[in-house]
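As you go down the protein sequences, you meet chains A and B in turn. One point on numbering: in this note's numbering, the residue at position 272 of the first sequence is 302, and numbering is uninterrupted. One point on numbering: in this note's numbering, the residue at position 149 of the second sequence is 203, and numbering is uninterrupted. All residues carry an ideal CB built from backbone N, CA and C; glycine is no exception. In what follows, a structure is listed as structure tokens, so that the remarks can point back to it.
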Amino acid sequence: MAIAETRLYMPQAPRPRLRLLEDERWLALVLLVPTLVLLGMFIAYPFMRGILLSVTNARVGVPGDFVGFANFYKIFNDGIFRTSVYNTFVYTGVTTVFKLSLGLWLAMLLNRNFRGKAFIRAFILLPFIIPTVLSTFAWKWMFDPTFSVLNWMLYHLGLITSRINWLGDPDLAMISIIIVNIWRGVPFFAISLLAGLQTISPELNEAAAIDGAKPWQRFWHITWPLLLPVTLVVVLFSVIQTFADFQIVYVMTGGGPANATHLFATYAYQIGIGTGLLSEGAAIALAMFPVLFLVVIFQLLYIRRVEVR
Amino acid sequence: MTKVTRRNVLKAGTALAGGMAGILATGRAPALAQGTTVHWLRWNDFVPASDQLLRKQLLPAAEKALGIKVNLETVNGNDLQPRITSAIQSGTGPDIIMLFNNHPHIYSESVIDLSDLTSATGKAEGGYYDLCKSNSADGQKWIAQPWAIVGAMIAYRKSWFDEVGSPTFPETWEKYREVGKKLKANGRPIGQTLGHTFGDAPTFSYPYLWSWGGSEIEKDGKTVNINKKEVIDSVKFMTAFWKEAHDEGGLAWDDTNNNRAFLSQSICATLNGASIYIESLRNADKYITEKGAQLKTDIQHSPLPKGPAGQFAMHTYFSHVIPSYSKNQEGAKALLKWIHAKENYEPWFVSQKGFATPPTHEWEKHNLWDQDKVMTPFKVAGLLGQTPGYPLPSSGKKPAEVLTKYIITDMYAKAVQGASAEDAVKWADVELKKIYT
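Printed below as a string of structure tokens:
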């Protein structure tokens, strides 16, 4: 009997570099590299550049020298900066309260069954979908000092006898930008909270109803606690976005009249880009950071506590 | 079909990261569209016919004559500064950039010397007006080439002023306030912006301040002395003048609002370039007065009234810079030289119909100024205007900082909004001292 010569199939050993990638820990690291590069380039690098700029006296086209905290000292003694800080807190606080309550109300309504539900839900998102600059320009026209359609309407309804100076009066200008921010932000709250509401089992509400709980009790003791983690995340995102808002104020008022509606971002832009004082502009923008950082830490800790509970 | 394998993905990722690393290492964005293309950034002209002329006739002719390609980009006037700042910081962008007023001083370290161009044009055309040098030269060299001056004059409704007993335009602020009061009572207020906008706001607030004897800085260039009786009086007067005679929406106006308000016949007068009148000429049948006449027949122009310290003007000034980062500096200079040659500049000037006054004396003789008497006051705009920083002999970085922070305009706007005159002036004093001392 002839014994056939057999040879065991031995594939060629991979090169050491590729063998390294067979290890999941190394592979994970390699796969994370693109994300790390992107985050580094677009988040960490500009952030570090911002910090470096803020401690120099750089102007546009001039790198400048190290000046320590001189820019921060300067802006904390600047009346317009203090107004911007106050405005930013008022703007963020007022709009968040309104966006949350209106968004929640809208979400509860949309959570019911009615004809054309899908269409209405999509329609509600419109303010959020339209590019902010575009919709804000439309609002600017509606608040126009001379040709305001709102004034025209109120006048013809007999509610006013003279024009309302929407964007020329400091308080009304602030109210105007707040209205636009609420209009734009409510759909985000509504749709996110609606998604949260849909995760709550209807059986809980039905059981409570059978036990005799009134609608308000059902909302307060069942819906609200279960919706709280989603609500906190939505509020967190909204606070961060509103605090650093730029587009609405820039288009509507440019920070005017006479700097009365500046926020951190618009004032930083005016000083850094308009006047070319890049270091001061960076200092103004960075002054937002500690506040936002605290908001994020506080809310994330609170969310974790709610989830653990 | 390419198979997506783990190795391919890794290869592509490495290539992307390598490319980005290259960009980071050089510190510059990739230079696209370089070579013989000159990228020219200008404002959207308030006389649109001029932009059409540039695009359809002048630039094709320049391309043919110079053998280059010109990419003309026009943006809103208030967006020119953000564009040049980001271009300079990133080291890439347009090869020629239009700037307003004394803004070139802000960028003086980052633009090239244009003295050879200005010296040739100045010599050929009887010399530049003083305000051009003040706004465009830094003491040693020309950092921008003067392009044009848009004279700021009050456009007013002749018949409406006649109706309230003012057949000629009021010569002093006091008289203007009296007439304005009557006009506002008739539902025809004066329109004036006190907003953050490059043209009509500072060209009103600066000469107004000067006409009362105030200034942002004293002649020595070091002393800020704005907190004085004359300036407080000017603010008090402005506050009352505003309430009694102005359209109070003006606090939120930019450079376009007064054009729309005047053309819709809701204001009786406004400080402006001649763009309102030129629009009424262009669309004569569109703008009809309440008496059925063409609006253009009822518009006149006047300089700003006199104050206790005299009569002043400041005009919106336009110039071009070539940033040092430009790879096409020679092409850009060749284009500026070409467009400033008399035979090429003239069609553009004529298309402006007097809205823009050229920066040199020579053009005062042009027959365009004899064609329409309403436009005649604009002929000498270049001779009469002062520049931000007056009474300093030349504008500069600090006056440019004051201008771009809108401190003078805001001083009046604050008081008009309700702050006391004393507080508004004190605020301006503090802000000015931060810059000058």
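Straight-line CA distance for residue i to residue j?
i, j, result
"A206(B)", "P93(A)", "37 Å"
"M74(B)", "V63(A)", "Legend: pLDDT at M74(B) = 45, less than 50; position of this residue unreliable, no value from coordinates given."
"W9(B)", "D426(B)", "Because chain B spans 55 through 491 in this model, residue 9(B) falls outside it and cannot be assessed."
"G131(B)", "R49(A)", "60 Å"
"P423(B)", "L237(B)", "It should be noted that the sequence gives Trp, not Pro, for residue 423(B). In a straight line, the C-alpha of W423(B) is about 31 Å away from that of L237(B)."
"I197(B)", "M368(B)", "21 Å"
"M78(A)", "F106(A)", "21 Å"
"L457(B)", "P259(A)", "49 Å"
"Q143(B)", "Y280(A)", "22 Å"
"P84(B)", "D149(B)", "Note on P84(B): pLDDT 41, under 50, position unreliable in the model; the coordinate value appears next. Computed Cα separation, rounded: 15 Å."
"V428(B)", "D184(B)", "25 Å"
"F409(B)", "V263(A)", "55 Å"
"L390(B)", "G147(B)", "17 Å"
"S380(B)", "K396(B)", "26 Å"
"P224(B)", "T283(A)", "33 Å"
"Q406(B)", "K419(B)", "16 Å"
"F252(B)", "T324(B)", "16 Å"
Just to make sure I have the definition right: I need the residues of chain B whose C-beta is within less than 7 Å of the C-beta of residue i. Which are they?
i, result
"V92(A)", "E163"
"I303(A)", "Q135, P136 and T139"
"G109(A)", "W481"
Compare the C-alpha of residue i against each of the options and name the closest.
i, options, result
"S373(B)", "I138(B), F154(B) and I461(B)", "F154(B)"
"L335(B)", "L389(B), H93(B), A395(B) and A103(B)", "A103(B)"
"G364(B)", "Q440(B), I332(B), I330(B) and A435(B)", "Q440(B)"
"T166(A)", "N235(A), A100(A) and D275(A)", "D275(A)"
"R151(A)", "A137(A), Y297(A) and L330(A)", "A137(A)"
"N98(B)", "T128(B), T247(B) and Y210(B)", "T128(B)"
"T370(B)", "K118(B), A119(B), N156(B) and G181(B)", "N156(B)"
"F316(B)", "S173(B), T343(B) and P413(B)", "T343(B)"
"T113(A)", "H292(A), L156(A), R335(A) and W254(A)", "H292(A)"
"S188(B)", "P413(B), G147(B) and F295(B)", "P413(B)"
"G98(A)", "F111(A), I81(A), G109(A) and D241(A)", "I81(A)"
"F432(B)", "N382(B), R137(B) and Q354(B)", "Q354(B)"
"L308(A)", "R214(A), R335(A) and V90(A)", "V90(A)"
Residue i touches chain A at which residues, Cβ-Cβ below 8 Å?
i, result
"G304(B)", "P175 and G198"
"A467(B)", "G286, P287 and A288"
"G249(B)", "G284, G286 and P287"
"S320(B)", "T176"
"Q246(B)", "Within 8 Å Cβ-Cβ: nothing; Q246(B) doesn't reach chain A, min ~12 Å."
For the beta strand (DSSP E) containing residue i, list its first residue and its last residue.
i, result
"V123(B)", "Note on residue identity: the sequence assigns Lys, not Val, to residue 123(B). Looking at the DSSP string, the run of the beta strand (DSSP E) that includes K123(B) is K123 to V129."
"I151(B)", "I150 to F154"
"S373(B)", "T370 to V375"
"S356(B)", "I353 to S356"
"W56(A)", "Note, W56(A): premise wrong, no beta strand (DSSP E); alpha helix (DSSP H) at E54 to L69."
"P259(A)", "Here P259(A) belongs to no beta strand (DSSP E); instead the alpha helix (DSSP H) covers W254 to F273."
"L95(B)", "T91 to W97"
"R211(B)", "M207 to R211"
Check whether the Cβ of residue i sits closer than 7 Å to any heavy atom of the ligand NAD, and report yes or no.
i, result
"I301(A)", "No copy of the ligand NAD occurs in the structure displayed, which carries no ligand at all."
Give me the chain B residues within the contact set of residue i, using Cβ-Cβ distance strictly less than 8 Å, ordered along the chain.
i, result
"N195(A)", "E302, G303, L305 and A306"
For residue i, report the span of its alpha helix (DSSP H) as first-last.
i, result
"W246(A)", "P245 to R248"
"P200(A)", "P200 to Q228"
"L422(B)", "L422 to Q425"
"N326(B)", "Run containing N326(B): none in the alpha helix (DSSP H); it sits in the beta strand (DSSP E), A323 to N326."
"M429(B)", "Premise fails: M429(B) is in no alpha helix (DSSP H) and is neither H nor E."
How would you list, in chain order, the residues of chain A whose beta-carbon sits under 9 Å from the beta-carbon of residue i?
i, result
"S288(B)", "None at all; the shortest Cβ gap to chain A is about 16 Å."
"Q383(B)", "Residues of chain A passing the Cβ test: none, with the nearest at roughly 16 Å."
"Q348(B)", "The contacting residues do not exist; Q348(B) stays about 22 Å from chain A at best."
Taking Cβ-Cβ distances shorter than 7 Å, what residues in chain A pair up with residue i?
i, result
"I160(B)", "V90 and G306"
"D464(B)", "A288 and N289"
"T458(B)", "G304 and T305"
"E455(B)", "T305"
"A315(B)", "T176"
Which chain B residues are close to residue i, counting only those with a beta carbon under 9 Å from its beta carbon?
i, result
"G188(A)", "Those within 9 Å of G188(A) in chain B number zero; the least Cβ separation is about 19 Å."
Counting Cβ pairs closer than 8 Å, one from the segment 274-290 of chain B and one from the segment 169-183 of chain A, do we hit at least three?
In short, these stretches do not touch, since the Cβ pair count stays below three.
message = Does the segment 303-315 of chain A come into contact with the segment 251-264 of chain B, if we say contact requires no fewer than three beta-carbon pairs (one atom in each stretch) closer than 8 Å?
response = no
Exercise. Counting Cβ pairs, one atom from each stretch, are 3 or more of them under 8 Å apart for the segment 309-320 of chain B and the segment 199-209 of chain A?
Worked result: no
If contact is defined by three or more beta carbon pairs under 8 Å, each pair taking one atom from either stretch, is the segment 184-203 of chain A in contact with the segment 124-132 of chain A? no
Q. Does the segment 395-405 of chain B come within contact of the segment 105-118 of chain B, defined as at least 3 CB pairs closer than 8 Å?
A. Because the criterion of three Cβ pairs below 8 Å is met, the segment 395-405 of chain B and the segment 105-118 of chain B touch.
Take every Cβ of the segment 242-262 of chain A, pair it with every Cβ of the segment 158-165 of chain A, and state whether three or more of those distances are shorter than 8 Å.
no
Touching by the beta-carbon criterion (3+ pairs, under 8 Å), the segment 266-274 of chain A and the segment 207-221 of chain A:
yes
**Item:** the segment 183-194 of chain B in contact with the segment 448-456 of chain B per 3-pair CB rule at 8 Å
**Value:** yes
Pairing CB atoms from the segment 223-242 of chain A with CB atoms from the segment 130-145 of chain A, are three or more of them under 8 Å? yes
### Message
For the segment 161-179 of chain B against the segment 354-362 of chain B, do three or more pairs of beta-carbon atoms, one drawn from each stretch, fall closer than 8 Å, so that the two count as touching?
### Response
no
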